[in-house]
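**Q** Chains as they are written, first to last, in this note's numbering: chain E, 1062 to 1208; chain A, 159 to 302.
Take this structure first; my questions come after.
Given below as structure tokens:
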């Protein structure tokens, strides 16, 4: 049986694991400015690096493209994105002086050696010097197999 | 041969459903709702109506999350997976309350396969005027 070539995850639907620094919690924020109508954010904004979210899903062996749709703001941090511990997006800066919606990060050529269940982790590792916090918000995640 | 099954299933209830027992179903786009819309299930004053989706679930422990709205004419929702009822959810409120989330955890799926996810409204809060439902988003996530 052929495995799916497309995986879509609504980040505000549910999360496998979530950990916020500074005692905050992950929250669903509804806002019509966001594609999908909302984001998974945090409240209060984390005050240190180390917050992360994880989702588990099935990926077939092959080569994949990953798309993240996210919010940029004045209290956002810098994130790494990894698959089963292997970082494939380094230091994505989510800071913007003003609200910036529906930003897109595409990563191609992600090689999955064997079919199975994988853990995607988005983790705040730092912040822009101009940012007031270490927040991170996502409105959609998608994987598409290209080979 | 290794069998695989997903651990994360997102369902936009307004996209498609397998079947429904005489709810009048209406898809509505609305910018105030997570998911940018909803599926309205109009029971027209009658109890016992239901709506179903087929989902492929692997054996293990699962969590069901529903994003929904409460209102004056909504019923008490009973979800079930392959005929096994989960805890009921009273969807009545004296005013509109949107983008609510309810989670059912520790759902045991004994064997992998296609399961029927069913939502029904057999009863209602004494203060509610009907048995309707407003469904915004459904997520099934395997936790073990």
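For every residue, glycine included, the Cβ atom is placed at its ideal position computed from N, Cα and C.
Please list, in chain order, the chain A residues whose beta carbon lies closer than 8 Å to that of residue 1091 of chain E.
**A** 190, 191, 192, 256 and 257
**Q** Assuming contact is defined by CB atoms lying nearer than 8 Å, are residue 225 of chain A and residue 251 of chain A in contact in what I supplied?
**A** Judged by their CB atoms, residue 225 of chain A and residue 251 of chain A are not nearer to each other than the 8 Å cut-off.
**Q** Give me the chain E residues within the contact set of residue 297 of chain A, using Cβ-Cβ distance strictly less than 8 Å, ordered along the chain.
**A** 1071, 1074 and 1075
**Q** Rounded to whole angstroms, what's the CA-CA distance from residue 232 of chain A to residue 207 of chain A? Just pull it up for me.
**A** It is roughly 12 Å from the alpha-carbon of residue 232 of chain A to the alpha-carbon of residue 207 of chain A.
**Q** So, is the C-beta of residue 162 of chain A closer than 8 Å to a C-beta in chain E?
**A** yes
**Q** When you compare the region 1181-1200 of chain E with the region 1120-1132 of chain E, are there three or more beta-carbon pairs, one atom per stretch, that lie closer than 8 Å?
**A** Put simply, the region 1181-1200 of chain E touches the region 1120-1132 of chain E. At least three CB pairs are less than 8 Å apart.
**Q** Would residue 165 of chain A count as contacting chain E if we go by Cβ distances under 8 Å?
**A** yes
**Q** Residues in its own chain within less than 6 Å of residue 1168 of chain E by CB, not counting five upstream and five downstream?
**A** 1127, 1149 and 1150
**Q** Looking only at its own chain, which residues have a Cβ that is under 6 Å from the Cβ of residue 238 of chain A, when we skip the five neighbours before and after it?
**A** Cβ-Cβ distances below 6 Å link residue 238 of chain A to 276 in the same chain, with the five nearest sequence neighbours on each side left out; the list follows chain order.
**Q** Report yes or no: do the region 260-274 of chain A and the region 238-248 of chain A share at least 3 C-beta pairs separated by less than 8 Å?
**A** yes
**Q** In whole angstroms, give me the CA-to-CA distance for residue 291 of chain A and residue 1187 of chain E.
**A** Looking at the two C-alpha atoms, the distance is approximately 43 Å.
**Q** Would you kindly check if the distance between the Cβ of residue 1064 of chain E and the Cβ of residue 1192 of chain E is under 8 Å?
**A** no
**Q** Given that a residue counts as buried once 16 or more other Cβ atoms are within 10 Å of its Cβ, and exposed if not, what is residue 300 of chain A?
**A** buried
**Q** Nearest chain A C-beta to residue 1118 of chain E closer than 8 Å, yes or no?
**A** yes
**Q** Since residue 269 of chain A contacts residue 217 of chain A with CB under 8 Å, what's their CB separation in whole angstroms?
**A** The Cβ separation is near 5 Å, so the contact holds.
**Q** What residues from the region 1096-1117 of chain E come within 9 Å of chain A, judged by C-beta to C-beta, listed N to C?
**A** 1096, 1097, 1098, 1099, 1116 and 1117
**Q** Locate the beta strand (DSSP E) running through residue 1161 of chain E, then write down its first and last residues.
**A** It spans 1161-1173 - the beta strand (DSSP E) in which residue 1161 of chain E sits, taken as one unbroken run.
**Q** So, does the CB of residue 212 of chain A fall closer than 8 Å to a CB anywhere in chain E?
**A** no
**Q** May I have the straight-line CA-CA distance separating residue 1136 of chain E from residue 1109 of chain E, to the nearest angstrom?
**A** 11 Å
**Q** Just confirm the distance between the C-beta atoms of residue 1165 of chain E and residue 1122 of chain E, as a whole number of angstroms; I'd bet it's less than 8 Å.
**A** Actually they are not in contact, since the Cβ atoms of residue 1165 of chain E and residue 1122 of chain E sit about 26 Å apart, beyond 8 Å.
**Q** From the beta carbon of residue 221 of chain A, is the nearest beta carbon of chain E less than 8 Å away?
**A** Under the Cβ criterion of 8 Å, residue 221 of chain A is counted among the residues facing chain E.
**Q** Between which two residues does the beta strand (DSSP E) harbouring residue 166 of chain A extend?
**A** 166-169
**Q** So with Cβ pairs under 8 Å, would you call residue 1084 of chain E a contact of chain A?
**A** No, no contact with chain A.
**Q** Whole angstroms is fine: what's the gap from residue 1181 of chain E's alpha carbon to residue 1139 of chain E's?
**A** One alpha carbon belongs to residue 1181 of chain E, the other to residue 1139 of chain E, and they sit about 16 Å apart.
**Q** How would you write the range of the beta strand (DSSP E) that residue 1095 of chain E sits in, first residue to last?
**A** It is not in any beta strand (DSSP E) - residue 1095 of chain E carries neither H nor E in the DSSP assignment.
**Q** With respect to the beta strand (DSSP E) encompassing residue 1064 of chain E, which residues constitute its N-terminal and C-terminal limits?
**A** Careful: residue 1064 of chain E lies outside any beta strand (DSSP E) and carries neither H nor E.
**Q** Under 8 Å, CB to CB, which of the residues in the region 165-185 of chain A have a partner in chain E?
**A** 165, 166 and 168
**Q** Under a three-way DSSP split, which group does residue 1082 of chain E fall into?
**A** helix
**Q** Straight-line CA distance for residue 1093 of chain E to residue 1146 of chain E?
**A** 33 Å
**Q** Any idea what DSSP makes of residue 1178 of chain E, helix, strand or coil?
**A** Taken through DSSP and simplified to helix, strand or coil, residue 1178 of chain E comes out as strand.
**Q** When DSSP builds the beta bridges, which residues end up paired with residue 1200 of chain E?
**A** Note: residue 1200 of chain E sits in no beta bridge, so no partner.
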